[in-house]
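Chains as they are written, first to last, in our numbering: chain Z, 1 to 214; chain B, 1 to 214.
Structure, rendered in C-alpha cells:
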C-alpha cells in the first residue's frame, strides 16, 4: 500500500469543505479544473490528490460531488467514530470539549483528565473530568488509542511518555512544545504561536515598507 | 530588506520555546548544535534561521540565551502589543478570548463581535461583545489592523471582505474555509480539520498494517 504524502493529506479536508459547500448549493458534478480554480491549486495536483480516494470521475462531466465527498471521508477515516481522551482541561481544553464540530471528523472525546481537584469529578459539556493519575490505567483498560493533549508545555513530554507507554497510538498535541515522533506513534503538533508569529512578523514588515514609501 | 522564508518564520517560535525553557533551567549559553539536536533540525538550518534575528553568537560558547530570546521576540514583533478584534464568539472564539497566553505574543484582543443578541453587550473574560453590524465602522475609527476570525465557514468570506474594505491588514483565520491572500493583506489560515485529518488517516493506516502483520 503506497503511502500518501503529507501535503496531499492536508489538502483533502480543503477539497471536502469546498465539495460540501457545493453540495449545499445543489451542485451535482464538479471538474478538477473548477476545484483547482476555487482553491488556487494547480489542476494536475488536484487530479493527483483525488486519485488516492479511488473515486473515478466521468469523462466530460467530472466527479459526482457526493461520491467524492464520501470518498474523502472514507479515506480520512472520518466515517468511523474514534474514542479519545483529552488531557488538560484549561481554557483551550474546555473549548475543545465543548466544540461539537470535531465529531464530524470522527473524534469522540469520552473523558477529560486534569490534576486540579476543583475540576476532577466535574462534568464539562457533558464530559466527565477524571484525575490524571488514572490516565495510564484507563488507556490500557479502555483501549483508547487517540489523545488530545492540551496541557502546559512543561507537562507535555512527561504525559506523552505515560500515554504512549499505556498504549496511545496517536496524539493531537496543542501544547506549545514539540513532541518528537516515535516508532508506531503518530503525533500531529498544532502550534498556534507559530501561526501567529507568521502573521505578526509579516504585518509589521508590511507597515515598515509602507512607511518607507511615505 | 530581504524577505524571510515561511519555514524559517515558523521555526522561530519553536526556537523561542526551547530557549525559554533553557532560561528557566538557568542555562546561560547555547550552541546551534544543541538547539539542532533538541529540535531534530539540521544545525546548518538552525544557524541560517537565527541569522535573521541579527543576534551574533560568540566563538566556542555560542549564543547568550537571553540575547537570542530577545532577538526572536523583537523579530516576530511580539514585544509590541497589537490591538485586535475577534469576530465570532462561539466555543472557539470564547476560548481564544479567555486564553491569556496570546498576550505573550503581543496579541491584545480589545473587543469581540457577534450577531447573536444574547451575546451582544455581554462581557466574556473581561472583553465586551459588540454587534457585528458595527464592525466595519469600528475598524475604521479605531484603526485596528489585526483580526481573529472564528465565525462559521459560511460567513467567513463575506466578513473577511468587510474587514479588508474597512482597513484590516492581517487576518488570523480559524474559520474552516480558506481565505485567499490579497495584495497588502496578510492571511494566516489555521485549519484544525486538516491537522486532524492527517492524524486519523495515519492512525487507521497503522492499524490496518498491524492487522495485516497478524
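C-beta atoms are modelled at their ideal positions from N, C-alpha and C, and glycine is treated no differently.
In this text the structure is predicted, and so the values were computed from the model without any measurement.
Within a 10 Å sphere around the beta-carbon of residue 200 of chain B sit 16 or more other beta-carbons, which makes this residue buried. Within chain Z, no residue has its beta carbon less than 8 Å from that of residue 23 of chain B; the closest one is some 13 Å off. When CB distances to chain B are screened at a threshold of 9 Å, the residues of the region 119-150 of chain Z falling below it are 125, 145 and 146, in chain order.
Exposed is the label assigned to residue 123 of chain B, since fewer than 16 other Cβ atoms lie within 10 Å of its Cβ. With 16 or more other Cβ atoms inside 10 Å of its own Cβ, residue 14 of chain B counts as buried.
Distance between residue 185 of chain Z and residue 169 of chain Z, taken at the CA atoms: about 5 Å.
Between residue 202 of chain B and the set Z:181, Z:88, Z:165 and Z:191, the nearest pair of CA atoms involves Z:181. Chain-ordered, the chain Z residues with CB closer than 8 Å to the CB of residue 99 of chain B read 91 and 92. Only residues of its own chain outside the window of five on either side were considered, and among them 88, 89, 120, 129 and 132 have a CB closer than 7 Å to the CB of residue 114 of chain B, listed in chain order. Taking 8 Å as the cut-off, the Cβ atoms of residue 73 of chain Z and residue 79 of chain Z count as close.
Judged by pairs of C-beta atoms under 8 Å, the region 57-67 of chain B touches the region 25-32 of chain B, as three or more such pairs exist. Contact of residue 188 of chain Z with chain B by beta-carbon distance below 7 Å involves 195, 198 and 199. Within the same chain, no Cβ atom closer than 6 Å to the Cβ of residue 152 of chain Z is found once the five residues on either side in sequence are excluded. DSSP places residue 96 of chain Z within a helical segment (H, G or I) once states are collapsed to three.
Chain order gives no chain Z residues near residue 112 of chain B, where near means a beta carbon separation below 7 Å; the closest approach is about 14 Å.
The beta carbon of residue 4 of chain Z sits closer than 8 Å to the beta carbons of 52 from its chain, once the five residues preceding and following it are set aside; these are given in chain order. Chain-ordered listing is empty here: chain Z has no CB closer than 8 Å to the CB of residue 37 of chain B, the nearest sitting near 11 Å. Not one beta carbon of chain Z lies nearer than 8 Å to the beta carbon of residue 163 of chain B. Sixteen is the threshold: since fewer than 16 other Cβ atoms of the shown chains lie within 10 Å of the Cβ of residue 165 of chain B, the residue is exposed.
Per DSSP, the unbroken alpha helix (DSSP H) holding residue 38 of chain Z starts and ends at 32-39.
For residue 122 of chain Z, the secondary structure class from DSSP, reduced to helix, strand or coil, is coil.
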